[in-house]
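Take the position in the sequence shown, starting the count at 1, then add 60; the result is the number in the numbering used here. A virtual CB, placed ideally from N, CA and C, is assigned to each residue, including glycine. As the structure is a prediction and not an experimental result, all values here were calculated from the model. Down below is the structure, laid out as structure tokens.
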Amino acid sequence: MKDWKQVERVATPAIVPQFGPLSGVRVLLTGSVVAGPVAATLLAEFGAEVIHVEMPGVGDTLRGQSPVLTHGDGVPFMVSPSEVPQDQKISSAWMQEGRNKLSVTLKMDMKQPEAKDIFFGLIKNCDIWIENMVWLDKLGIYDADVLAANPKIVIAHVSGFGRPQFGGVPEDCDRGSYDPIGQCEGGWMYSNGFPDGPPVYGSSFMNDYLSAFICANGVLMAYINAQKTGKGQVVDVAQVECMSRMMCDSFVNMFTIGLNKERAGNKIPIFQPADLFKTKDGYLYVGTFGKAVYERCLNAMGISTEKFPYLEAGASREAINSPLGKELDREVNKWMMAHTSEEGLAVMKKAKIPSAIPRTIKQLTESEHYKSRGNFVTYKDETLGKEITGLAPVPKMSETKGMVWRGAPKLGQDTETVLKTILGYSDADIAGIRGKGVIDRVKK
């Protein structure tokens, strides 16, 4: 058995290919589902060597999120989670978000010496540790011990309400959270929807993904600082605060003029035309911010800018709600209903007016713009053993491009490779700790 105190840093990357601006950065990920793991995925897509520690025999719960896919006759198809063995099925979400990561199984109980040696050996070898587990202290894991083992490491805690050492009501810090909880408690859900309807949930785990983006940004800022100072730190990512950060001027308005943000539907309440308009055959969104765009838009629709001056009819909340502003809204809606969505879009595009038709995912997969931008990438999924297509890494970079070097791994697929290559374990060492249930064997 390897004593973690004797473990030396192994140069990065040791296992993944060398590419992207984050090559040379090694990240340890412990946790599951979306916010923390997706932050690590964003780093992995641009060259970071990400080691994802998962529970033996269980793995990241995202692996089993519906819809679950298996394959027959070489073609992936959807199944009920209970219909086929675990090692023959995988969720489409895992196919997208698990890629580029190394999967290591480890029972993270620091009371077991073997588990502690592996965990702290990885801590010594990593620049960043991202976690969204609960009650780390019950596992015997404390920030002070981690920073003592690796003074330069950046620790990111992702939770619903934040860690108590950064402040907050202790009972709230201890609350469980998922994406909708963050949307509710962060102010987002209340302010979205129509005035006469209920609050509306923003689907596709918007709060989780926003938290992931802010986490990735935070750990990279802290990493840069650690390279300059030699000192790591803790980054506390609270879902509710990430959601509140998206609320633009809402807090300033409340503190200064007592204006509470209320639901306004699809219409932007402070300038117009800016709404999702009903057309002859569907919908078209048009947004006009600023006098020049406003006048181009009205001219394109044949509406008089002299009758509807910008300041009196479209430049503010007061103008929009004035009799003249309401008349303008009726005129714009009348024009939209006389055109199809594509006809309206063509007019707006010609006049350089920001505008769009709400697109389906199917339409995007067929979009010439998306395809010519290289927005889709094909890679082999390690569970299905088949090629699949997903969304390519973003953003585009001219010199240090992101890439997908491997599909999402099977549970524990890289355990032996990581233990041998990074921690220096022998086959006998690995067999010994496997026999104690600290790790498990990947099914071939």
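- A distance of 7 angstroms or more separates the beta carbons of Leu384 and Ala398.
- With contacts defined by Cβ atoms closer than 7 angstroms, Gly445 and Ser401 do not form a contacting pair.
- The three-state secondary structure of Asp197, taken from DSSP, is helix.
- The three-state secondary structure of Glu402, taken from DSSP, is helix.
- Annotation for Ser310: no beta strand (DSSP E) segment contains it, though the alpha helix (DSSP H) segment containing it runs 310-317.
- Fewer than three beta-carbon pairs drawn from the region 173-182 and the region 74-83 are found closer than 8 angstroms, and the two stretches are therefore not classed as touching.
- Judged by DSSP in its simplified three-state form, Asp335 adopts strand.
- If you check the CB distance, Cys233 and Pro240 do not come in under 7 angstroms.
- Taking one beta carbon from each stretch, the region 154-165 and the region 105-119 have 3 or more pairs nearer than 8 angstroms; the two touch.
- Every alpha helix (DSSP H) stretch that sits fully inside the region 84-130 and reaches 4 residues is listed by chain position as 95-104.
- In summary, Lys394 is exposed, with fewer than 16 beta-carbon neighbours lying within 10 Å of its beta-carbon over all protein chains present.
- Closest by C-alpha distance to Ala416, out of Lys386, Thr477, Lys422, Asp335, is Asp335.
- Annotation for Val437: the continuous beta strand (DSSP E) segment containing it runs 436-440.
- Contact between the region 417-426 and the region 114-123 is absent: fewer than 3 CB-CB pairs across the two stretches fall below 8 angstroms.
- Burial check for Ala100: the Cβ neighbour count within 10 Å reaches 16 or more, so the residue is buried.
- Val295 is positioned such that its CB atom lies closer than 7 angstroms to that of Gly278.
- Comparing alpha carbon positions, the residue from Ile284, Ser92, Ser219, Ala488 closest to Cys302 is Ser219.
- Fully enclosed beta strand (DSSP E) runs of no fewer than 3 residues occupy 343-347 of the region 338-411, in order along the chain.
- Non-local beta-carbon contacts of Val498 in its own chain, meaning distances under 8 angstroms to residues more than five positions away in sequence, involve Pro116, Leu166, Lys167, Gln172, Glu174, Ala175, Ile178 in chain order.
- Asn381 and Tyr202 have their C-alpha atoms roughly 55 angstroms apart.
- Around the CB of Asp441, 16 or more other CB atoms lie within 10 Å, so the residue is classed as buried.
- Within its own chain, the residues whose Cβ lies closer than 6 angstroms to the Cβ of Tyr370, once the five positions on either side in sequence are excluded, are Lys351, Tyr354, listed in chain order.
- When the beta-carbon positions are compared, Arg377 and Pro329 come within less than 7 angstroms of each other.
- Residue pairing by DSSP places Gly450 opposite Val437 in a beta bridge.
- By the CB criterion at 7 angstroms, Ser271 and Ala95 fall inside the cutoff.
- Partner residues in the beta bridge of Leu162, as assigned by DSSP, are Ile111.
- Contact between the region 207-217 and the region 275-292 is present: three or more C-beta pairs spanning the two stretches fall below 8 angstroms.
- Here Thr443 has Ile150, Lys470 as same chain residues with Cβ atoms under 6 angstroms from its own Cβ, once five neighbours each way along the sequence are excluded.
- Judged by their CB atoms, Gly80 and Gly347 are not nearer to each other than the 7 angstroms cut-off.
- Per the C-alpha coordinates, the member of Ser263, Ala360, Lys288 positioned closest to Trp248 is Ser263.
- Within the same chain, Cβ atoms closer than 6 angstroms to the Cβ of Met155 are found at Asp441, Ile448, Ala468, the five residues on either side in sequence being excluded.
- CA-to-CA, the gap between Lys386 and Ser310 works out to about 24 angstroms.
- Taking C-beta atoms as the reference points, Asp489 and Val164 fail to come closer than 7 angstroms.
- Nearest neighbour of Lys62 by Cα position, chosen from Met396, Gly492, Thr420, turns out to be Gly492.
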